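Asker: My questions all concern the structure below.
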Amino acid sequence: MVVDVTKLQTGEPGGTSKPRRPLVRQLRRLAVVAAGFAVLFVGLILAALPMIPGGLPGIVLGLTILSTELDWARRLRARVLRTARRALPNISWHRAFTSLAGRRKPSDRRTSSERPAVAEATSEGISRAADILRRGDLVAFPTETVYGLGAPVFNRRAVARVFEVKGRPADNPLIVHVSSRAMLDRVVRDVPDTAGHLMEAFWPGPLTLVLRRSRRVPSIVSAGLDTVAVRIPADPVALQLVRLTGQPIAAPSANRSGRPSPTTAEHVMRDLGAVVDLVIDGGPTPIGVESTVVDVTGAVPVLLRPGGISREAIERVIGTSLCSGPVSGPARSPGNKHRHYAPSCRVIPVHPDEWEGALQRVCEAGGRIGIVARTTPEFLGETIAYHRRIPGDEAEYARHLFSAFREAEDAGVDLLLVETVQETGVGLAVMDRLRRAAATDDVPEHPEEATSGS
Ligand code: TXA
Ligand code: MG
Numbered sequence: 378m379v380v381d382v383t384k385l386q387t388g389e390p391g392g393t394s395k396p397r398r399p400l401v402r403q404l405r406r407l408a409v410v411a412a413g414f415a416v417l418f419v420g421l422i423l424a425a426l427p428m429i430p431g432g433l434p435g436i437v438l439g440l441t442i443l444s445t446e447l448d449w450a451r452r453l454r455a456r457v458l459r460t461a462r463r464a465l466p467n468i469s470w471h472r473a474f475t476s477l478a479g480r481r482k483p484s485d486r487r488t489s490s491e492r493p494a495v496a497e498a499t500s501e502g503i504s505r506a507a508d509i510l511r512r513g514d515l516v517a518f519p520t521e522t523v524y525g526l527g528a529p530v531f532n533r534r535a536v537a538r539v540f541e542v543k544g545r546p547a548d549n550p551l552i553v554h555v556s557s558r559a560m561l562d563r564v565v566r567d568v569p570d571t572a573g574h575l576m577e578a579f580w581p582g583p584l585t586l587v588l589r590r591s592r593r594v595p596s597i598v599s600a601g602l603d604t605v606a607v608r609i610p611a612d613p614v615a616l617q618l619v620r621l622t623g624q625p626i627a628a629p630s631a632n633r634s635g636r637p638s639p640t641t642a643e644h645v646m647r648d649l650g651a652v653v654d655l656v657i658d659g660g661p662t663p664i665g666v667e668s669t670v671v672d673v674t675g676a677v678p679v680l681l682r683p684g685g686i687s688r689e690a691i692e693r694v695i696g697t698s699l700c701s702g703p704v705s706g707p708a709r710s711p712g713n714k715h716r717h718y719a720p721s722c723r724v725i726p727v728h729p730d731e732w733e734g735a736l737q738r739v740c741e742a743g744g745r746i747g748i749v750a751r752t753t754p755e756f757l758g759e760t761i762a763y764h765r766r767i768p769g770d771e772a773e774y775a776r777h778l779f780s781a782f783r784e785a786e787d788a789g790v791d792l793l794l795v796e797t798v799q800e801t802g803v804g805l806a807v808m809d810r811l812r813r814a815a816a817t818d819d820v821p822e823h824p825e826e827a828t829s830g831s
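FYI, the numbering for the sequence shown is 378 to 831, going by our numbering.
As structure tokens, this is what we get:
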């Protein structure tokens, strides 16, 4: 009998050896491809449903399975991973995959393609947020100033994650939010008389006091400083959240480091959407700029950051001037070292009497122009891509400043001209933020230096 060797190898009929081997191979290949397409399909469905995790990992896993058999899947998988990594540097791919297998907690399941869960500012929503915080995950919540990104203060891992997701420099300490004097005692060593008077006058409210840190507070919260910044927020949602969580909450503003602070839940989701576990939507924040920070650990109180409570009001309570000279020694408020609050466009402060010259200059420079003003500047035929008029007093201006920055970004503005205001009341904070947003370099460390000048 003549045996056809080629048929033996291919297993075609006519060979005498077992013909089923290549068939098995084909069937296995078919099964792998079918499984790959099934996983890819599920991934695509999940990606289309914003509230359910697993979309992107599903797609990548599907492509990974397919790529063992199909070249195009290998190329597509590499492209998907490259694009996603570029767009979302903070995503942990390991977490994304393990979460797909359902082995981790909800926070770790968050992936690039999702938006965070949003809770209404109801007692149900707040108690859900408190549960999430208690198990060490991150919640963004409204305060009377701006939205904060909260982590339980005694949970080092959660606090480290706040720095990580914000891209915040490790030398910039966080503010601790408490709901009572009793809770305050858990985070500070003592309360000097001046601090006591200020608390009585302004708490709950947008005044943050820098006090001596209790050893119980992890040093990461205070960036290694011996002090800790604390406030009782006035916003009922924030206050209830701290109460229900039952422990102090460390919370910086819920923006990516260097960006304008968020004054709506939408701003938070745009900056940190993929990495926050829950956002409580309490509507726009009423003050719009951050709290005033005062260091009360020395002989003379020092204004470290102007904010929602005016310098004049504080000085009336303490009966003396706040220190405004340059502070020697280590940075007293490290956050003030960095350029901050900046939208992606260039910001140019303009005095109300100087609109004409300013407009002429920017027109010569070219680019898309945006305007934020209290008055109505006379336009000389310039094409204005974005114009926001904020009439009313400094408080009104403060309330809308950061949202105007973000709107100008959305309008594709290159140069944003922003009218300056008087440096009284909350106007001091407005001008501080405006100068920092306009800075092209690091700004001086002391607010007095930062708020003086043009
Ligand atoms: O209104 C606010 O203060 C908001 C809401 C969420 O409470 N929070 C806020 O946090 O603006 P953040 O992290 O964006 O700003 C905190 C400021 C920074 O300038 C930081 O340097 C300063 O407070 N700070 C915090 N701890 C400090 C400390 N121990 N000594 C000096 N400055 C401190
Ligand atoms: Mg901030």
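Heads up, the beta-carbon is just placed ideally off N, CA and C, and yes, glycines get one too. Quick caveat: nothing in here was measured; it's all calculated off a predicted structure.
Who are the near neighbours of A781 in its chain, counting only those whose CB is closer than 6 Å to its CB and skipping five residues on each side?
Answerer: V749, R765
Asker: Are V587 and L681 closer than 9 Å when you measure CB to CB?
Answerer: Inclusion of V587 and L681 in the CB contact set at 9 Å is warranted, their separation being smaller than that value.
Asker: Check each candidate in F579, G573, H574, R566 and name the one with the smallest Cα separation from D603.
Answerer: R566
Asker: Which parts of the region 527-604 are runs of the beta strand (DSSP E), unbroken and 3 residues or longer, counting only runs that do not cross its ends?
Answerer: Counting whole runs of 3 or more residues, the region 527-604 contains the beta strand (DSSP E) stretches 552-554, 584-589.
Asker: Helix, strand or coil: which one does DSSP assign to P726?
Answerer: Annotated three-state conformation of P726 is strand, per DSSP.
Asker: Return helix, strand or coil for G789, following the three-state DSSP convention.
Answerer: coil
Asker: Closer than 8 Å to a non-hydrogen atom of the ligand TXA - does that hold for the CB of A631?
Answerer: yes
Asker: Could you spell out where the beta strand (DSSP E) holding A750 opens and where it closes?
Answerer: 746-750
Asker: Considering just the uninterrupted stretch of the beta strand (DSSP E) at T669, what are its terminal residues?
Answerer: 669-672
Asker: T853: which of F518, V803, C700, V677 sits nearest, CA to CA?
Answerer: Residue 853 is absent from the structure shown; the chain starts at 378 and stops at 831.
Asker: Rounding to the nearest angstrom, what Cα-Cα distance links V724 and T445 in this structure?
Answerer: 51 Å
Asker: For A498, which residues of its own chain have a beta-carbon under 6 Å away from its beta-carbon, when the five flanking residues on both sides are left out?
Answerer: Non-local beta-carbon contacts of A498 in its own chain, meaning distances under 6 Å to residues more than five positions away in sequence, involve V614, I657, G659 in chain order.
Asker: For F540, which residues from the same chain have a beta carbon less than 7 Å from its beta carbon, with the 5 sequence-adjacent residues on both sides left out?
Answerer: A547
Asker: Using alpha carbons as the reference points, say which of S721, I746, D570, C740 lies closest to V673.
Answerer: Measuring from the Cα of V673, the nearest candidate turns out to be D570.
Asker: Give me the residue from A572, A506, F531 with the minimum Cα distance to S596.
Answerer: Measuring from the Cα of S596, the nearest candidate turns out to be F531.
Asker: For A719 versus R813, is the C-beta distance shorter than 9 Å?
Answerer: yes
Asker: Is any non-hydrogen atom of the ligand TXA found closer than 8 Å to the C-beta of P610, if you look at the structure I gave you?
Answerer: P610 Cβ: within cutoff of the ligand TXA.
Asker: So, with DSSP's three-state summary, where would you put G702?
Answerer: Residue placement at G702 is flagged as unreliable, the pLDDT there being 46, under the threshold of 50; the coordinate-derived value follows with that caveat. Three-state result, G702: coil.
Asker: Under the rule that 16 or more other beta-carbon atoms within 10 Å means buried, what is I436, buried or exposed?
Answerer: That one is buried.
Asker: Check whether the Cβ of Y524 sits closer than 8 Å to any heavy atom of the ligand TXA, and report yes or no.
Answerer: yes
Asker: What would DSSP say about D485, mapped onto helix, strand or coil?
Answerer: Because D485 sits at a pLDDT of 41, beneath the cut-off of 50, its placement in the model cannot be relied upon, and the following sentence gives the value as read from the coordinates. Judged by DSSP in its simplified three-state form, D485 adopts helix.
Asker: Taking only heavy atoms of the ligand MG into account, decide whether any of them is closer than 8 Å to the Cβ of E667.
Answerer: yes
Asker: Whole alpha helix (DSSP H) runs in the region 603-662 with 4 or more residues, listed along the chain?
Answerer: 613-622, 642-649
Asker: Evaluate contact between the region 551-559 and the region 623-642, counting only Cβ atoms and requiring at least three cross-stretch pairs below 8 Å.
Answerer: Yes, the region 551-559 is in contact with the region 623-642.
Asker: What is the rounded straight-line gap between the Cα of R810 and the Cα of L778?
Answerer: Answer to the nearest angstrom: the Cα atoms are 9 Å apart.
Asker: With Y524 and S630 assumed to form a contact (beta carbons below 8 Å), what rounded beta-carbon distance in angstroms separates them?
Answerer: 7 Å
Asker: For A815, which three-state DSSP category applies?
Answerer: helix
Asker: Could you give the residue range of the beta strand (DSSP E) that holds L680?
Answerer: 679-682
Asker: Find out if the Cβ-Cβ distance for the pair V495, L655 is shorter than 9 Å.
Answerer: Cβ atoms of V495 and L655: closer than 9 Å.
Asker: Less than 8 Å between the CB atoms is what I'm expecting for L515 and A535, so what's the real figure, rounded?
Answerer: 7 Å
Asker: Use the C-beta contact count for A408: other C-beta atoms within 10 angstroms, 16 or more gives buried, fewer gives exposed.
Answerer: exposed
Asker: Return the chain-ordered list of same chain residues with a C-beta closer than 8 Å to the C-beta of R456, the five sequence neighbours on each side being excluded.
Answerer: none
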